[in-house]
Amino acid sequence: MTSAPADFAARVIRWQRTHGRNELPWQNTRDPYRVWLSEIMLQQTQVATVLDYYARFLARFPDVRALARAHVDDVLGLWSGLGYYSRARNLHACAREVVDVHGGEFPRSAQLLQTLPGIGRSTAAAIASFCFGERVAILDGNVKRVLTRVLGFDADLANGSSEKQLWGHATELLPRRDVAQAMPRYTQGLMDLGATVCTSRSPSCLLCPLQDVCVASREGAPEDYPVKSRKLKRSAQSLWLLLARSRTGAVWLEKRPPAGIWGGLYCPPVFDSREALAAALPSDAHGALREETPFVHVLTHKDLHLHPVSAALPKAALSRAAGSWFGPSEWPALGLPAPVRKLLEIA
Ligand code: SF4
Numbered sequence: 003m004t005s006a007p008a009d010f011a012a013r014v015i016r017w018q019r020t021h022g023r024n025e026l027p028w029q030n031t032r033d034p035y036r037v038w039l040s041e042i043m044l045q046q047t048q049v050a051t052v053l054d055y056y057a058r059f060l061a062r063f064p065d066v067r068a069l070a071r072a073h074v075d076d077v078l079g080l081w082s083g084l085g086y087y088s089r090a091r092n093l094h095a096c097a098r099e100v101v102d103v104h105g106g107e108f109p110r111s112a113q114l115l116q117t118l119p120g121i122g123r124s125t126a127a128a129i130a131s132f133c134f135g136e137r138v139a140i141l142d143g144n145v146k147r148v149l150t151r152v153l154g155f156d157a158d159l160a161n162g163s164s165e166k167q168l169w170g171h172a173t174e175l176l177p178r179r180d181v182a183q184a185m186p187r188y189t190q191g192l193m194d195l196g197a198t199v200c201t202s203r204s205p206s207c208l209l210c211p212l213q214d215v216c217v218a219s220r221e222g223a224p225e226d227y228p229v230k231s232r233k234l235k236r237s238a239q240s241l242w243l244l245l246a247r248s249r250t251g252a253v254w255l256e257k258r259p260p261a262g263i264w265g266g267l268y269c270p271p272v273f274d275s276r277e278a279l280a281a282a283l284p285s286d287a288h289g290a291l292r293e294e295t296p297f298v299h300v301l302t303h304k305d306l307h308l309h310p311v312s313a314a315l316p317k318a319a320l321s322r323a324a325g326s327w328f329g330p331s332e333w334p335a336l337g338l339p340a341p342v343r344k345l346l347e348i349a
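Going by my numbering, the final residue of the sequence shown carries number 349, and the count climbs one at a time with no gaps.
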């Protein structure tokens, strides 16, 4: 490992000014509501996808008070399709806390921002740096990649102590002059470098402002960084979905429990087996069941093997307390898991 050059921050800032992303709708603002919303949406989601959702969210909930007043179902409905729904539930909980505990103003330091639901250390630092010019380091996936490569930091990030060490380096490298002015552009610069130049596969080292000091590039093996030994184990799960339709085309949907898969979203009844699905219906309804083509829905850590089973049922056949019939005109506003929305649209 090597130490970074003294002008590390200045290089990143200079590069960001001319080559970074400067026209995204959540940039050029110091409004913590807008910055926070974009940061949460950008976790695990590409910029291109976030653009639409961000605009729709702001149109519906223009400030933190409007979001706090909303019903969580409306927030989940608007989030539908972005995935990782715990983000939407936390978003709503966070808005409520900002209003109830902080009088409608986001706290102005990373340390306090971290106490809010759904805001981790790096997100808190991004908000504090962008909005309040605080000298505090971010360390999301993109930034970890850039820093480990430039520094040749080859300690295993699966170990908490290595990660802590990297936080230390990230803090060391922060700008020291004109901090309030420099921090937003520096933070954005690191994010942009990781997203557009220092990509996981085939980074564009020739376009990088850090190439002459980058250890990984000198070694000719940037993709060896960051080092992380613990791989996520993938698992698989099979689920049977009862797509019960009334004569008028309404579908029976139930609200999922808050924890677990598709927590808080609306979904057809879900079963672990075909037998359990049949057992939930009166026996004279069994003849109406029709198997649809099964398909796989891929989540980050899990493959879901989904088996839809359709049935045209009289409304009385489903007496489960937890759900209701929803007509096609109501589906767009409901929080539905992406594969369920697709199923409803094609069925
Ligand atoms: Fe990444 Fe290459 Fe730049 Fe090093 S020189 S930081 S590996 S893009």
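Positions of the beta carbon are idealized from the N, C-alpha and C atoms, including for glycine. Source: prediction; values computed, not measured.
For residue i, the three-state DSSP class (helix, strand or coil)
i    : result
W264 : coil
S132 : It is worth fixing the name first, because residue 132 is Phe in this sequence and not Ser. F132: helix per DSSP, three-state reduction.
E41  : helix
G170 : helix
H94  : helix
R292 : strand
L80  : helix
E107 : coil
V138 : coil
Residue closest to residue i, alpha-carbon to alpha-carbon, out of the options
i    : options                : result
R67  : F273, V103, L192       : V103
L301 : S237, A70, P284, L255  : S237
F273 : V311, F63, A252        : V311
E136 : W254, G262, F10, P109  : P109
Q46  : A197, A72, L279        : A197
L78  : W28, A72, T201, A90    : A90
E225 : V148, K304, H171, D214 : V148
D54  : S82, D33, A70          : S82
Q239 : A287, L255, P296, S219 : P296
W242 : K344, A287, A280, Y227 : A280
A6   : H309, V52, L168, L338  : L168
A340 : Y268, E293, P316, A287 : Y268
A72  : T51, C96, G122, G105   : C96
R343 : Y56, L255, P316, S275  : L255
Alpha-carbon to alpha-carbon, residue j and residue i
i    : j    : result
I15  : L244 : 54 Å
R235 : D180 : Inspection of the sequence shows that residue 235 is occupied by Lys rather than by Arg. So the alpha carbons of these two residues sit roughly 45 Å apart.
P284 : L84  : 36 Å
A139 : R258 : 37 Å
E41  : V199 : 20 Å
H94  : R187 : 29 Å
D286 : A278 : 16 Å
W327 : Y35  : 36 Å
R62  : A261 : 26 Å
Beta-carbon proximity of residue i to residue j, cut-off 8 Å
i    : j    : result
A324 : A290 : no
D194 : R23  : yes
S88  : G265 : yes
S231 : A160 : yes
A70  : V37  : no
P177 : A11  : yes
T150 : Y227 : yes
Q113 : G122 : no
G337 : D75  : yes
P359 : V253 : Residue 359 lies beyond the stretch modelled for the chain, which goes from 3 to 349, so this question has no answer here.
Host alpha helix (DSSP H) of residue i (start-end)
i    : result
Q116 : That residue, Q116, is in no alpha helix (DSSP H); it is neither H nor E in DSSP.
Q46  : Neither: Q46 is in no alpha helix (DSSP H) and is coded neither H nor E.
F10  : 10 to 21
A70  : 66 to 71
S219 : 217 to 221
Continuous beta strand (DSSP E) stretch holding residue i: start and end
i    : result
D305 : 304 to 314
A238 : 237 to 247
8 Å Cβ cutoff, residue i in contact with chain C
i    : result
T198 : The displayed structure is made up of one protein chain only, and chain C is not part of it.
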